[in-house]
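Numbering (the working numbering), first residue to last: 1 to 175.
Now the structure itself:
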């Protein structure tokens with residue numbers, strides 16, 4: 001067994017011993033950590049199966065040529081607009097955005113457009129923006145979007161171009 005794998009296993013075992021110790025001694029922060037872990041896990045089991053099913057269907061049904069046309073090297077500004085639109089409708093936050101981004105990458109999407117998609121899915125999802133506008137006002141939400149989206153696109157272009165010049169490639173599955 002590799003050292004890296006042993007460190008991961010040791011960390012998991014230490015975590016569960018800490019939780020067990022917390023319940024045995026009545027250590028409230030440890031109990032709260034366990035409760036947060038359970039709540040987070042339940043949320044993941046609600047979101048991820050549906051998301052992965054949809055991502056699987058995307059992998060099978062959407063042709064590589066379609067992704068290359070709308071998100072690829074020759075897509076131009078349309079690619080960034082498509083990325084913003086796709087990101088605004090993404091449900092599940094970054095838990096879903098990263099697998100979708102990986103699928104887009106494998107089908108030939110441009111790196112800068114993928115970065116725009118990931119960043120936008122953290123910044124401008126429609127449900128989040130509606131929630132924000134209901135508490136902070138529409139004016140605030142509009143200003144935030146008008147300021148953040150150009151910055152997202154500019155930084156994505158800079159990072160994408162830099163990594164493309166360096167010959168960056170995503171690593172294949174890592175266990």
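Here a beta-carbon is modelled for each residue, glycine too, at the ideal position from N, C-alpha and C.
As assigned by DSSP and simplified to three states, the class of residue i
i, result
"residue 91", "coil"
"residue 76", "coil"
"residue 175", "Residue placement at residue 175 cannot be trusted, given a pLDDT of 45 that sits under 50; what the coordinates show is reported in the next sentence. Three-state result, residue 175: coil."
Start-to-end residues for the alpha helix (DSSP H) that takes in residue i
i, result
"residue 112", "111 to 123"
"residue 27", "That residue, residue 27, is in no alpha helix (DSSP H); it is neither H nor E in DSSP."
"residue 168", "Looking at the DSSP string, residue 168 is not in any alpha helix (DSSP H), and its letter there is neither H nor E."
"residue 128", "126 to 136"
"residue 62", "Unbroken run through residue 62: none, as it is neither H nor E."
Cβ neighbour criterion (16 or more within 10 Å) applied to residue i
i, result
"residue 80", "buried"
"residue 10", "exposed"
"residue 145", "buried"
Residues near residue i by beta carbon distance below 8 Å, same chain, minus five either side
i, result
"residue 83", "71, 113, 114, 116, 117 and 120"
"residue 103", "55, 58 and 59"
"residue 62", "107"
Cβ-based neighbour list, residue i, same chain, cut-off 7 Å, excluding 5 preceding and 5 following
i, result
"residue 152", "116, 119, 120 and 123"
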